[in-house]
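Taking it in order: structure first as structure tokens, then the write-up.
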Amino acid sequence: MNTYNFILEASSFEKGLGNIKRWCLECPKSTKLRLYMPTFTLNELDFLRYKRKSFVARESLKFIDSIDHRTENPEIIIEFPEILDIISWSEVLDFVSENPGDVDTLNRLPRRLKNLIKSCLYKCQFDDGMDGLRWILITEDPQVRSLANICRIPWCSLVDADSALTKEMNVKQYKESERFNELMVKNGIKEETSQYGQRVVKTTFESTVYAPRGRGELWSP
Numbered sequence: 030m031n032t033y034n035f036i037l038e039a040s041s042f043e044k045g046l047g048n049i050k051r052w053c054l055e056c057p058k059s060t061k062l063r064l065y066m067p068t069f070t071l072n073e074l075d076f077l078r079y080k081r082k083s084f085v086a087r088e089s090l091k092f093i094d095s096i097d098h099r100t101e102n103p104e105i106i107i108e109f110p111e112i113l114d115i116i117s118w119s120e121v122l123d124f125v126s127e128n129p130g131d132v133d134t135l136n137r138l139p140r141r142l143k144n145l146i147k148s149c150l151y152k153c154q155f156d157d158g159m160d161g162l163r164w165i166l167i168t169e170d171p172q173v174r175s176l177a178n179i180c181r182i183p184w185c186s187l188v189d190a191d192s193a194l195t196k197e198m199n200v201k202q203y204k205e206s207e208r209f210n211e212l213m214v215k216n217g218i219k220e221e222t223s224q225y226g227q228r229v230v231k232t233t234f235e236s237t238v239y240a241p242r243g244r245g246e247l248w249s250p
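Put into structure tokens, the structure is as follows:
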């Protein structure tokens, strides 16, 4: 079973609420998906909803409230307030390079961003879980990405995360496509290689194999 551990930062909801909804609704049982939400994410969405009148932020919070947190897949984890007390700010600075500029950058951050870093660092460095898999932060915010690099927090874009999970969700279609290709080769009457090194299979019209399609009625005018 493939397992994915993702930390969702507020910008991932702003840019990809539809993607996250699809992950939660269509994640196959053969894939384990864990989604961790720091309090920073919830607070930022709440701020955007009230101060910026953001429709996406409002819909994101409604969706988070509607998720059954008791489900095992996807497993939704909300940050416990105690986490911010478990890891001290001095421990955060221990993960920073020896560049004094990076330390100054972190020390000048507002508390909300410091709390985000502490929460992410705790999950990524101290809470690998029973399977030992690392957590990856999903963010579209350039500032958060820069801070993650400074603190050695692994991150990826929404596009990269969606690509990986979409591949898991479409495994059935992929297998059907593979079976179709194998059948084409089996029924082919001649196989040769083109001048570009590509394999070419020739068939007769009588033995044509059609790709599988969903059920439905044939439309007629």
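Take 30 as the starting number for the sequence shown in this note's numbering and just add one per residue.
Glycine included, every Cβ here is placed at the ideal spot set by N, Cα and C.
No experiment lies behind these values; they were computed from the predicted model shown.
Give me, in chain order, the residues of the same chain whose beta-carbon lies closer than 7 Å to that of isoleucine 182; leave out the 5 immediate sequence neighbours on both sides. Here the question's residue 182 lines up with position 153 in the sequence shown. Result list for isoleucine 182: Cys149, Leu150, Cys153 and Leu166, in chain order.
Quick test of your reading: asparagine 34 and threonine 60, contact by CB under 8 Å. State the CB separation rounded to the nearest angstrom. The count along the sequence shown starts at 1 and reaches residue 34 at position 5. The count along the sequence shown starts at 1 and reaches residue 60 at position 31. Contact between asparagine 34 and threonine 60 is ruled out by a C-beta separation of about 12 Å, above the 8 Å threshold.
If you compare alpha carbons, which of Val188, Glu104, Ser117 and Glu197 is closest to phenylalanine 155? Position 126 of the sequence shown, counted from the start, is the residue given in the question as residue 155. For phenylalanine 155, the nearest C-alpha among the options comes from Ser117.
Along the chain, where does the alpha helix (DSSP H) containing asparagine 178 start, and where does it finish? Taking the sequence shown and counting its residues from 1, the one referred to as residue 178 is at position 149. Secondary structure note for asparagine 178: its alpha helix (DSSP H) is the uninterrupted segment 171-179.
Beta-bridge pairing of cysteine 185 - partner residues as DSSP gives them: Indexing the sequence shown from 1 puts residue 185 at position 156. Ile167.
Euclidean distance between Cα positions of serine 186 and threonine 195: Mapped onto the sequence shown, residue 186 falls at position 157. Mapped onto the sequence shown, residue 195 falls at position 166. Within the model, the alpha-carbon separation for serine 186 versus threonine 195 is close to 14 Å.
Bridge-paired residues (DSSP) for threonine 60: For the purposes of this step, residue 60 is taken as the residue at position 31 of the sequence shown. Secondary-structure assignment with DSSP links threonine 60 through a beta bridge to Asn31.
Nearest-angstrom Cα distance between phenylalanine 69 and proline 110? Numbered from its first residue, the sequence shown carries residue 69 at position 40. Numbered from its first residue, the sequence shown carries residue 110 at position 81. Phenylalanine 69 and proline 110 have their C-alpha atoms spaced approximately 11 Å apart.
From Arg81, Ile93 and Tyr79, pick the residue whose C-alpha is nearest to that of phenylalanine 42; which is it? Indexing the sequence shown from 1 puts residue 42 at position 13. The shortest C-alpha separation from phenylalanine 42 is found at Ile93.
From isoleucine 146 to aspartate 75, what distance separates their C-alpha atoms? Here residue 146 refers to the residue found at position 117 of the sequence shown. Here residue 75 refers to the residue found at position 46 of the sequence shown. If you take the alpha carbons of isoleucine 146 and aspartate 75, they lie about 19 Å apart.
Taking only the alpha-carbon atoms, compute the straight-line gap between serine 126 and asparagine 178 and give it to the nearest angstrom. Sequence index remark: in the sequence shown, residue 126 carries index 97 (1-based). Sequence index remark: in the sequence shown, residue 178 carries index 149 (1-based). So the two alpha carbons sit approximately 10 Å from each other.
When burial is assigned at 16 or more other CB atoms within 10 Å of the CB, is aspartate 114 buried or exposed? Mapped onto the sequence shown, residue 114 falls at position 85. Under this definition aspartate 114 is an exposed residue.
Hey, serine 89 and leucine 46 are a contact pair by Cβ (cut 8 Å); roughly how many whole angstroms apart? In the sequence shown, residue 89 corresponds to position 60, counting from 1. In the sequence shown, residue 46 corresponds to position 17, counting from 1. Rounded to whole angstroms, the Cβ separation of serine 89 and leucine 46 is 5 Å, and the two are in contact under 8 Å.
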